[in-house]
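J.: One structure, pasted below without further comment.
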Amino acid sequence: MNAALAAGRPLLVRGEPGTGKSQLARAAAKQLGRAFIPHVIDSHTESRDLLWNFDAVKRLADAQIAGSLGGTRAVLETELAVANYLHPGPLWWAFNWDHARQQAERAMASPPAQHDGGDWGNGCVVLLDEIDKGEADVPNGLLEALGARRFMPMGSLDPVCIGSTVPLVVITTNEERALPEAFLRRCMVLFLTLPDDEAALTDLLVQRGRAHFPKASDAVLRRAATLLIGDRRAAIAAQIRPFPGQAEYLDLLRAAIALAPGDKEAQLAMLDDIAQYALKKQHGV
């Protein structure tokens with residue numbers, strides 16, 4: 001992550017689901033005191049959605065209202081200017097928060113909420129989550145913006161350039177789709193994997209569990225890890241995906257602790273009952 005910041009390159013985080021890829025970006029933002037801007041990519045995402053969003057529906061509605069009320073051509077052109085309907089996307093905010101804020105005010109849009117108290121004055125961490133869910137046009141469409149550190153918004157004569165603080169752009173993939181080589185060359189790459197060794201995996205899970213649930217007993221943390229590892233081993237042997245991982249481990253703990261707060265013995269009993277719902281995602285595991 002420090003290398004990505006120093007080089008001014010995006011950090012591509014690779015690995016199977018449930019290894020904490022998405023949480024890494026939020027944790028980095030909190031550690032650095034930066035604004036956090038998450039965006040989940042899906043099959044409908046276009047690359048420009050990550051740069052800006054043009055509200056064509058509102059512009060059409062305003063045009064119809066303005067037309068019915070009359071008005072000079074000059075007034076209509078001013079009121080219906082493209083810039084009045086251009087909402088900054090996550091990379092616009094990350095590249096230049098102050099510029100994005102000015103544009104958002106013009107388009108009557110709101111800045112990304114900062115629930116963890118992130119300060120954009122310290123820079124931004126943007127999370128582009130699950131880029132492999134999008135079409136190949138999504139990473140290809142970001143090549144210029146990420147490579148040149150600038151992009152030209154729709155209808156603008158001036159580019160958006162990175163401000164005084166280079167943003168940390170974290171991109172995650174679950175490896176469901178291969179990413180273009182040109183895109184990979186523009187990224188630092190971090191592989192997040194869970195240990196194959198069961199003792200090492202147990203220690204890792206217990207450590208993560210203790211960080212999330214500091215009041216949980218060691219017995220509860222280790223029992224949940226044992227259940228997770230057993231089901232994970234069976235899923236890997238049968239090649240039934242997704243393999244249970246850190247996310248399922250934390251869900252298992254969260255449920256047991258919430259259902260039996262402060263009662264270690266009840267939590268231990270609860271884990272075995274809940275495991276079949278938290279860990280088994282497919283038939284045959």
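Residue numbers in the sequence shown follow the working numbering, run continuously in steps of one, and reach 285 at the last position.
C-beta: ideal position from N, C-alpha, C; glycine also.
1. Exposed or buried, what is residue 40 when buried is set at 16 or more other beta-carbons lying within 10 Å of its beta-carbon?
2. If you compare alpha carbons, which of 170, 50 and 1 is closest to residue 154?
3. My guess is that residue 38 and residue 95 are in contact by the Cβ rule of under 8 Å, so how many angstroms apart are they, rounded?
4. As an exercise, report each continuous beta strand (DSSP E) stretch of at least 3 residues that is fully enclosed by the stretch 96-163, in chain order.
5. Going by beta-carbon coordinates alone, are residue 169 and residue 126 separated by less than 7 Å?
6. If you draw a straight line from the alpha carbon of residue 274 to that of residue 280, how long is it in whole angstroms?
7. Which residues in the same chain as residue 177 place their Cβ atom closer than 6 Å to its Cβ, once the five residues preceding and following it in sequence are excluded?
8. Which class does residue 69 belong to by DSSP, given the choice of helix, strand or coil?
9. Can you give, in chain order, each stretch of the alpha helix (DSSP H) that sits fully within the stretch 171-246 and has at least 4 residues?
10. Nearest to residue 63 by CA position, among 84, 217, 137 and 195, is which residue?
11. List the DSSP bridge partners of residue 53.
12. Secondary structure at residue 13, three-state DSSP: helix, strand or coil?
13. As a quick exercise: from 162, 152, 146 and 253, pick the residue whose alpha carbon is nearest that of residue 123.
14. From the DSSP output, in three-state form, read off residue 274 for me.
15. Looking at C-alpha atoms only, which residue of 144, 104, 180 and 60 is the closest neighbour of residue 53?
16. For residue 194 versus residue 206, is the C-beta spacing smaller than 7 Å?
17. Less than 7 Å between the C-beta atoms of residue 192 and residue 18, yes or no?
T.: Answer, in terms of the structure:
1. exposed
2. 50
3. Going by Cβ atoms, the distance from residue 38 to residue 95 rounds to 16 Å, so no, they are not a contact pair.
4. 119-129
5. yes
6. 10 Å
7. 132
8. helix
9. 181-185, 198-212 and 218-238
10. 84
11. 87
12. strand
13. 162
14. helix
15. 104
16. no
17. no
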